[in-house]
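The sequence shown runs 968 to 1211 under the numbering used here. Quick reminder that beta carbons are idealized off the backbone N, C-alpha and C, glycines included. Values in this document were obtained by computation on a predicted structure and should not be read as measured data. Down below is the structure, laid out as structure tokens.
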Amino acid sequence: MKAGAPDKFIVKGKRLDGRKIDELRPIKIKAGVIKSADGSAYLEMGETTVLVAVRGPREVIPRHLAMPDKAYLNCVYDMMSFATPERNRPGPSRRSTEISKVMKDALSPAIFLEKYPKTKIDIYAEITNANAGTRCAAITAASVALADAGIEMKDIVASIGVGKAGGKLMLDLFEPEDNFGEADVPIAIMPRTEEITLLQMDGDLSKDELKKLIAIGKKACKEIYKKQKQALKKKFETEKEAKK
Ligand code: ADP
């Protein structure tokens, strides 16, 4: 067992934070939180918090990155130095480079990039507090920020971490489960078609367990999707009221 691992992941039928195995952490999503951005969102999933800004579609600099047939999508994932209990070194790292790419791959299939040729769309995701599932939180919030920016999309991407800890399949792992459990599987889907745009796996799972986790993840993404749509609706209703 790794140092710092809890003795058990389930006590009296409940997880260490009191949740059931198929329960999400409380989610809060707010669209349109950064004035200077074209679109933005703030998201909380339990103690994991993220702020996302979208800029674009706009001129591509450097120009050679411009593509004649579609927009160039640039994703930047970053974790603030105060986001973890021990100071985390800000700026690019292997991990942030990987997650930036993962975000781009998870979001690209949902965006009509071909509608914005020769332009660039920038997505900046800042993790302000990390307690597992930060890539999923960043993808879910980025999707809301893209819609807030008015960028045309096939669907809003929703994402969640599922996995296994203490021999149990679980929804929405928090830090001890993610760090010391047997496996974690971040998943993202386009909820309307259930098309998977992100599927990673770290740890050991049987084929049957993975299938079950994908089903659990898809169901949860549909719940998250409702909250994403509510956040956008609220933002646009507030704007409409203000214009009256
Ligand atoms: P994700 O955040 O998408 O689950 P990881 O599996 O890389 O991605 O990280 C799991 C969790 O481990 C993070 O959410 C965070 O709580 C913690 N963590 C990651 N990197 C660091 C770090 N440099 N310092 C402290 N904690 C970290």
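If you check the CB distance, Lys-987 and Lys-979 do not come in under 8 Å. Where Gly-1023 is concerned, the enclosing beta strand (DSSP E) starts and stops at 1015-1026.
Here the alpha carbons of Lys-1207 and Gly-1128 stand approximately 35 Å from one another. Shortest Cα-Cα distance from Lys-1037 to any of Glu-1053, Leu-1080, Leu-991 involves Leu-1080. The stretch 1014-1026 and the stretch 1161-1180 do not touch, with fewer than three beta-carbon pairs separated by less than 8 Å. Contact between Gly-1148 and Ala-1125 does not hold, since their C-beta atoms are separated by about 22 Å, which reaches or exceeds 8 Å. If you draw a 10 Å sphere on the C-beta of Glu-1144, you find 16 or more other C-beta atoms in it, and that means buried. Three or more beta-carbon pairs drawn from the stretch 1108-1127 and the stretch 994-1001 are found closer than 8 Å, and the two stretches are therefore classed as touching. The count of Cβ pairs closer than 8 Å, one atom from the stretch 1008-1016 and one from the stretch 1075-1091, stays below three, leaving the stretches out of contact. When beta bridges are read from the DSSP output, Thr-1086 appears opposite Glu-1026. Ala-1099 places its beta carbon less than 8 Å from that of Leu-1140. Judged by beta-carbon spacing, Ala-1198 lies within the 8 Å limit of Ala-1008, meaning their Cβ atoms are closer than that value. Just measuring C-alpha positions, the residue of Arg-1062, Met-1157, Asp-1005 sitting nearest Ile-1118 is Asp-1005. A residue is called buried once 16 or more other Cβ atoms fall within 10 Å of its Cβ, and Lys-1202 is buried on that count. In the same chain as Ala-1050, and ignoring 5 residues on each side of it, the C-beta atoms closer than 7 Å to its own belong to Ile-1094, Thr-1095, Asn-1096, Ala-1097, in chain order. When Ala-1105, Ala-1116, Tyr-1192 are compared, the shortest CA-CA separation from Ile-1088 is found for Ala-1116. Residue range 1174-1210 is occupied by the alpha helix (DSSP H) that includes Lys-1186.
Here Ser-1075 is near Leu-1040, since their CB atoms are less than 8 Å apart.
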